[in-house]
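Student: Residue numbers (full-length UniProt numbering): 1 to 478. Backbone N, C-alpha and C fix where the C-beta goes; we use that ideal spot for every residue, glycine too.
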Amino acid sequence: MKTIELHNAKARKPEWSLAEPVNFYLDEGEHLAIIGRNGAGKSMLVDMITGKHPVFPDSITYSFDEPYNNLKTITFRDTYGGDNDKTYFLQQRWNQMEIDEETPTVGSKLEEAFMLAGEDTPERRAFQKHLYELLHLEELLDKYIILLSSGELRKFKLAANLFTNPKVLIIENPFIGLDAETRDQVKDLLQMLAKEQDIQIILVLSKMDEVPDFITRVIKLDKLRIVSEIKVRTDFEIEHCPHAIQVRNEKPIPPIPQQVIKFNHVTIKYGERTILKNLNWVVLKGEHWSLSGQNGSGKSTLLSLVCADNPQSYACNISLFGHKRGSGESIWDIKKHIGYVSPEMHRSYKQNIPAIQIVASGLKDTVGLYFTPTQQEKDMCIEWMNVFGIKHLADRKFLEMSSGEQRLVLLARAFVKCPDLLILDEPLHGLDLCNRNMVKAIIDRYMIDNPECTLIYVTHYENELPNCIDNSLYLNRN
């Protein structure tokens, strides 16, 4: 018996359709993974399965009633409110003035989700307790939603959606932004759900090496088509990468000993919660740092201090580019030296404008374009889009791209002004293998060609670090 079946299905609107009619099925009891390159059509297929993009009548069938209640999709887009939250802005996480008595905590929102999802029974409470223990959520229950790290946010959203007890759960990119310990926790949870609960799971992934063992079938998309069902995982990892950059094995020029960042006994607290405690850190011009640590250890908070997004930086002993913070420089004086990409930045881009305008906004450090670029500036944007293999997307609207294509656009934005300091926070989020290798090669090539450029690189995956990394800072959770 088939739980879901699409037979020669086409979306009602041509712009929502894949390149050919879709034939897809989910057999009862099986668990699927949908994989493919960035822009291959994975999200478009999910939208057809779920009815977000309606298909012509009689081309889709479900074995259950009320698909809206029994078919749930979780997308991890770093949302601190709902997916339709229009009030979020880039610096919101770091502004304590945004926290008041009405600001929800993790515990209050999860309890609200629990009560809305069904009757309060001992069995459901036992399941809730099991989820909290498995995802280590007890320590987050009193934390404000707005202060969650991207990894903590993913655990919160996963738990909230599981309370609804759907028949089919579709999860897009469940592992991005998670440290190794939390990735294992999520895999254990999904394994438990697959074996112990009456639920079928569909994972949407860009990385074949993250397909869990409980997955029974893997569907591959390419160029907006379902092209195969994969049984051997290595089939997906061998890809031709037309935009890959070859980097010569050159020894970089020794860094010029000039301080770019200096933290002197820096402590950051929100209420009773200490995020950073007595941190001393010096970064010299030309150094290439990796920044790592568990979810919630303060990595994003540290970067918000460097990027002048966190107002608490004025109360701390911090020097940036040789100037003590609060000595008269503006936020724009600091940002003009920095190229930056992060999950928070990705989420803050909500304007559906052409990709070239997103890249151009990096020239003035704005979220959105509020000036008219010169022809020379446009040419510079196109040049960097070409470096990242997305020149053909210059006129494509940002919100109509896949998340991987959006990430490449934001990376081009970070590089476009050739900054003195590059801060790349989880830059490979949602990228397929080919694009991950390409971006790492671009970073290595750029650091060789620009020996005075300083790099701070955040990732939870050691194999995502570029070769140029020569220093590291690991943060422990307080």
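#1: Which residue comes first and which comes last in the alpha helix (DSSP H) that contains N437?
#2: Would you call the segment 441-460 and the segment 274-282 touching, i.e. three or more CB-CB distances under 8 Å?
#3: Grab the span of the alpha helix (DSSP H) containing residue 486 for me, first residue to last.
#4: If you reduce the DSSP assignment to three classes, tell me which class I358 lands in.
#5: Can you have a look at V409 and say buried or exposed, based on whether 16 or more other CB atoms are within 10 angstroms of its CB?
#6: For D85, count neighbouring C-beta atoms within 10 Å of its own C-beta (all shown protein chains included) and say buried if the count is 16 or more, exposed if not.
#7: By DSSP, does Y68 sit in helix, in strand, or in coil?
#8: What first and last residue would you give for the alpha helix (DSSP H) that runs through V106?
#9: State the beta-bridge partners of K13 as determined by DSSP.
#10: Under 9 Å, Cβ to Cβ, is there at least one residue of chain D near Y370?
#11: Tell me, please, which residues DSSP counts as bridged to K207.
#12: Measure from the alpha carbon of Y144 to the alpha carbon of each residue in G151, P104 and D222, then state which is nearest.
#13: Which residues in the same chain have their Cβ closer than 6 Å to the Cβ of I443, if we skip the five residues on either side of it in sequence?
#14: Which residues in the same chain have their Cβ closer than 8 Å to the Cβ of P67, if we skip the five residues on either side of it in sequence?
#15: Hey, H31 and I170: beta-carbon distance below 9 Å or not?
#16: Can you check DSSP and say which residues form a bridge with G339?
#17: Take Y132 and list the residues in its own chain whose beta-carbon comes closer than 6 Å to its own, dropping the five residues that flank it on each side.
#18: In chain order, what residues of the same chain lie with their CB nearer than 7 Å to the CB of E405, ignoring the 5 residues before and after it?
#19: Tell me whether P24 sits in a helix, a strand or coil according to DSSP, three-state version.
#20: Beta strand (DSSP E) containing H288: first to last residue?
#21: Is it buried or exposed for D425, if we count other Cβ within 10 angstroms and need 16 for buried?
#22: CA-CA distance, residue 490 and G41?
#23: In the DSSP assignment, what are the bridge partners of Y62?
#24: Jot down the residue ranges of each uninterrupted beta strand (DSSP E) in the segment 300-332, minimum 3 residues, whole runs only, in chain order.
#25: How many angstroms separate the CA atom of L45 from the CA atom of S348?
#26: Can you check whether the CB of K350 is closer than 9 Å to the CB of K417?
#27: If D179 sits next to Q258, beta carbons under 8 Å apart, how far is it from one beta carbon to the other, in whole angstroms?
#28: State the start and end residues of the unbroken beta strand (DSSP E) segment that holds F415.
#29: Note down the Cα distance separating N161 from A113, rounded to an integer number of angstroms.
#30: Using the C-alpha atoms, what's the distance from G118 back to N70?
Tutor: A quick look at the data gives this:
#1: Reading the sequence shown from its first residue, position 437 is the one you call residue 437. For N437, the enclosing alpha helix (DSSP H) starts and ends at L433 to D449.
#2: No, the segment 441-460 is not in contact with the segment 274-282.
#3: In the structure as shown, the chain starts at 1 and stops at 478, and residue 486 therefore has no counterpart that could be examined.
#4: Taking the first residue of the sequence shown as 1, we reach residue 358 at position 358. The answer is helix: DSSP assigns I358 an H, G or I state.
#5: The residue you call residue 409 lines up with position 409 of the sequence shown. Sixteen is the threshold: when 16 or more other Cβ atoms of the shown chains lie within 10 Å of the Cβ of V409, as they do, the residue is buried.
#6: Residue mapping note: residue 85 aligns to position 85 of the sequence shown, counting from 1. Model confidence at D85 stands at a pLDDT of 47, short of 50, so the residue's coordinates are unreliable and nothing is read from them.
#7: By one-based count along the sequence shown, residue 68 stands at place 68. Per DSSP, reduced to three states, the secondary structure at Y68 is helical.
#8: Residue numbering aside, residue 106 sits at position 106 when the sequence shown is read from its first letter. Start and end: V106 to A117.
#9: As a working mapping, residue 13 is identified with position 13 in the sequence shown. According to DSSP, which records beta bridges pairwise, K13 is partnered with nothing at all.
#10: Included in the structure is just one protein chain, with no chain D present.
#11: In the sequence shown, counting from the first residue as 1, residue 207 sits at position 207. Answer by DSSP bridge pairing: none, since K207 is not bridged.
#12: As a working note, residue 144 is residue 144 in the sequence shown. Checked all of G151, P104 and D222; the closest Cα to Y144 is P104.
#13: Here the question's residue 443 lines up with position 443 in the sequence shown. Same-chain partners within the cutoff: P466.
#14: For the purposes of this step, residue 67 is identified with residue 67 of the sequence shown, where counting begins at 1. Non-local C-beta neighbours of P67 in its own chain, meaning closer than 8 Å and more than five positions away in sequence, comprise T50 and G51, ordered along the chain.
#15: Position 31 of the sequence shown, counted from the start, is the residue given in the question as residue 31. Position 170 of the sequence shown, counted from the start, is the residue given in the question as residue 170. No, Cβ-Cβ distance for H31 and I170 is not below 9 Å.
#16: Taking the sequence shown and counting its residues from 1, one reaches residue 339 at position 339. Paired residues: L422.
#17: Numbered from 1 along the sequence shown, position 132 holds the residue referred to as residue 132. Closer than 6 Å at Cβ, skipping near neighbours: E138.
#18: Start at 1 with the first residue of the sequence shown, and residue 405 comes out as number 405. Answer for E405: N38, G39, I390 and L393, listed in chain order.
#19: On the sequence shown, residue 24 is found 24 positions in, with the first residue counted as 1. Note that residue 24 corresponds to Phe in the displayed sequence, not to Pro. If DSSP states are grouped into helix, strand and coil, F24 belongs with the strands.
#20: The residue you call residue 288 lines up with position 288 of the sequence shown. Counting along the chain, the beta strand (DSSP E) containing H288 begins and ends at H288 to G293.
#21: For the purposes of this step, residue 425 is identified with residue 425 of the sequence shown, where counting begins at 1. Classification of D425: buried, given that the 10 Å Cβ count is 16 or more.
#22: The structure shown has nothing for residue 490, since the chain only spans 1 to 478.
#23: In the sequence shown, counting from the first residue as 1, residue 62 sits at position 62. Beta-bridge pairing links Y62 to I4.
#24: Whole beta strand (DSSP E) segments, 3+ residues: 318-320.
#25: Start at 1 with the first residue of the sequence shown, and residue 45 comes out as number 45. Start at 1 with the first residue of the sequence shown, and residue 348 comes out as number 348. L45 and S348 have their alpha carbons spaced roughly 25 Å apart.
#26: As a first step, residue 417 is located in the sequence shown; it is residue number 417 there, counting from the start. As a first step, residue 350 is located in the sequence shown; it is residue number 350 there, counting from the start. In this structure, K350 does not lie closer than 9 Å to K417 by Cβ.
#27: Numbered from 1 along the sequence shown, position 179 holds the residue referred to as residue 179. Numbered from 1 along the sequence shown, position 258 holds the residue referred to as residue 258. Under the criterion of beta carbons closer than 8 Å, D179 and Q258 do not qualify as touching, at roughly 32 Å.
#28: For the purposes of this step, residue 415 is identified with residue 415 of the sequence shown, where counting begins at 1. First-last for F415: S403 to F415, but that is the alpha helix (DSSP H), not the beta strand (DSSP E).
#29: Position 161 of the sequence shown, counting from 1, holds the residue named residue 161. Position 113 of the sequence shown, counting from 1, holds the residue named residue 113. Taken atom to atom, the span from the alpha-carbon of N161 to that of A113 is near 8 Å.
#30: Your numbering for residue 70 matches position 70 in the sequence shown. Your numbering for residue 118 matches position 118 in the sequence shown. Cα to Cα, N70 sits roughly 13 Å from G118.
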